[in-house]
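For the sequence shown, the numbering used here assigns the number 200 to the initial residue and increments by one for each residue that follows. Where is the CB? At the ideal position from N, CA and C, for every residue including glycine.
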Amino acid sequence: MEEVPPTADDVRGAPVPGDESGRADRVDTGDGAGRYVGRALLWIPRLPFMIAMAPLRGLLYVQARYSAVSGLLSLFVTDDLRFAVFPTAFIATGFGLNVGAGAFAKDLLGLDDKISLRVGIGGETRWRASAKIVIKPHRRLSATVAGLYERRDAEPFYGYGNGDIPTPGMLIDPLTSDAAQATRFGVKVVRVVPRLKVQLPAHVSVTATAAVVSKSFDGVDHPIDPSIETVFMTDRVPGFNDGVTFVYPELELAWDTRRQKERWDGHGLNTTGSLVLGFAGYEHDLDGRPGFLRAGFDLQQLIRLSRGPRVLQLRTYGEMVTGARDEVPFSELPRLGGENMLRGYPIDRFRDRVAIVAQATYRWAVASWLVPALFVDAGRVYSGLDEVSLKDPRVGFGFALEVYSRSGLALRSEIASSIDGGVFLYLSLNPAFDARARVER
Numbered sequence: 200m201e202e203v204p205p206t207a208d209d210v211r212g213a214p215v216p217g218d219e220s221g222r223a224d225r226v227d228t229g230d231g232a233g234r235y236v237g238r239a240l241l242w243i244p245r246l247p248f249m250i251a252m253a254p255l256r257g258l259l260y261v262q263a264r265y266s267a268v269s270g271l272l273s274l275f276v277t278d279d280l281r282f283a284v285f286p287t288a289f290i291a292t293g294f295g296l297n298v299g300a301g302a303f304a305k306d307l308l309g310l311d312d313k314i315s316l317r318v319g320i321g322g323e324t325r326w327r328a329s330a331k332i333v334i335k336p337h338r339r340l341s342a343t344v345a346g347l348y349e350r351r352d353a354e355p356f357y358g359y360g361n362g363d364i365p366t367p368g369m370l371i372d373p374l375t376s377d378a379a380q381a382t383r384f385g386v387k388v389v390r391v392v393p394r395l396k397v398q399l400p401a402h403v404s405v406t407a408t409a410a411v412v413s414k415s416f417d418g419v420d421h422p423i424d425p426s427i428e429t430v431f432m433t434d435r436v437p438g439f440n441d442g443v444t445f446v447y448p449e450l451e452l453a454w455d456t457r458r459q460k461e462r463w464d465g466h467g468l469n470t471t472g473s474l475v476l477g478f479a480g481y482e483h484d485l486d487g488r489p490g491f492l493r494a495g496f497d498l499q500q501l502i503r504l505s506r507g508p509r510v511l512q513l514r515t516y517g518e519m520v521t522g523a524r525d526e527v528p529f530s531e532l533p534r535l536g537g538e539n540m541l542r543g544y545p546i547d548r549f550r551d552r553v554a555i556v557a558q559a560t561y562r563w564a565v566a567s568w569l570v571p572a573l574f575v576d577a578g579r580v581y582s583g584l585d586e587v588s589l590k591d592p593r594v595g596f597g598f599a600l601e602v603y604s605r606s607g608l609a610l611r612s613e614i615a616s617s618i619d620g621g622v623f624l625y626l627s628l629n630p631a632f633d634a635r636a637r638v639e640r
């Protein structure tokens, strides 16, 4: 029997769709006064956010419309990517703007080699010249020789330990007191670092470093902070008066599976994998001071939370030296604070024989080349391993914006603060979780 479709008479008197529950709410015929008032109130907190995000929205539009990032990078690199000359810049709170230029040439010797040169000047009278040669005679072997001459006239020194900044008074003995005071000093660095890296199967690598380093220090006339000798007993700051010259061989063993999980995750952005890294070295002083061991670890885990991608990056870093406070030059102690370790605090705010920090960063890609991030760091320094505890950590937090090219991170900017207050701005070309050899810092 053929089915007859219902007519209007058949459904007359039936409830209107949506009214089956029997509710008789008033039909919304438009925006009332209450809704306008609510929108106006919500506009107040929304406006600062819109203003803050306007440059980001503009940057996204320019990139989508004109491919600005790739176009800008092409100005400095040849079509075959073998030669490049490019500007460099670094901004940090307390140091100002440092600018310079860099250049590199690839595969001149036919050994997958790379020669790099960099010069820079700026900030509080800071300038440097460096050169690096990388040769890869085999796909699992690379050899590097790097040289640097650098003069910095605004280095910070707050004393030893995890103390707070006191009211200035008598000269501080940093070996017996954890009292802290912001001061500045100058340093001249000459460094030559040969390095050999062997890539083994199963994502394992071994890196051997043998550095020769000379550092000399002096007081400075700084417009904000006093010179170090006006606050601290510099004869009680090991290495300050006479400088340091040493040889530092180090061996590093790493298991590194960090990579992109999906090919569309974005240029150069790792979204999954782990890093387990350990290092140990011995610093032999050429001026007759006692030598000491340096050892540490770097543990990282990337967790891809969803497509986009959205990534949680976790890290724990620890470093220690075996020498006593009066045996280790102050410039060679583990340090926390700055753009890499314990962000939200001034550069080198804390230093002592042991340093431990835990970091968490949440990244989400808004474009294949642009990645905002939220981060939090917690850690502190200790006078020895027997003092290590979870009590009273220093905690920093902030927001970062990272720009990526196909080869990796191109630019990173940060704004950070901490539970102790203060706001710090950084603009740099290094990854946030920096795993450079200790001698290069």
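Looking only at Thr-471, Arg-493, Leu-468 and Asp-486, the smallest Cα-Cα distance to Gly-480 is reached by Arg-493.
CA-CA distance, Asp-312 to Ala-342, rounds to 9 Å.
Lys-335 is positioned such that its CB atom lies no closer than 9 Å to that of Leu-316. Spanning the alpha carbons of Gly-257 and Leu-535 requires a straight line of approximately 35 Å. Contact check for Gly-578 and Leu-532: beta-carbon distance about 15 Å, past the 8 Å limit, so the pair fails to qualify. Using a Cβ distance threshold of 9 Å, Phe-384 and Phe-445 do not count as a contacting pair. In this structure, Ser-530 and Val-397 do not form a Cβ contact; the two beta carbons are roughly 30 Å apart against a cut-off of 8 Å. The C-alpha of Val-587 is placed about 31 Å away from the C-alpha of Ser-426. According to the DSSP assignment, Val-344 belongs to the beta strand (DSSP E) that extends over 340-356. In the displayed model, Phe-529 falls within a helix according to three-state DSSP. Nearest C-alpha to Gly-583 among Gly-522, Glu-601 and Arg-593: Gly-522. Under the three-state reduction of DSSP output, Met-249 falls in the helix class. Taking all protein chains shown into account, Tyr-359 has 16 or more neighbouring C-beta atoms within 10 Å of its C-beta and is therefore buried. Burial of Ser-627 is indicated by the presence of at least 16 other C-beta atoms within 10 angstroms of its C-beta.
In this structure, Gly-495 sits near Gly-517, with a CB-CB distance shorter than 9 Å. Your pair Leu-347 and Arg-390 checks out as a contact, with CB atoms roughly 5 Å apart and the cut at 8 Å.
Look at Leu-395 here: in three-state DSSP terms it is strand. By the Cβ rule, the segment 538-554 does not count as touching the segment 562-569, because fewer than three pairs are nearer than 8 Å.
Cβ-Cβ distances below 6 Å link Gly-477 to Leu-452 and Phe-496 in the same chain, with the five nearest sequence neighbours on each side left out; the list follows chain order. Runs of the beta strand (DSSP E) spanning 3 or more residues and lying entirely within the segment 444-500 occur at 472-484, in chain order.
In this structure, Tyr-357 lies near Thr-382, with their beta-carbon atoms less than 9 Å apart. As DSSP reads the structure, Tyr-603 sits in a beta bridge with Leu-608. Per DSSP, Ala-378 is not a residue of any alpha helix (DSSP H), being assigned neither H nor E. The Cβ atoms of Phe-596 and Leu-573 sit closer than 9 Å to each other.
Boundaries around Val-520 are those of the beta strand (DSSP E), 509-520, since no alpha helix (DSSP H) includes it.
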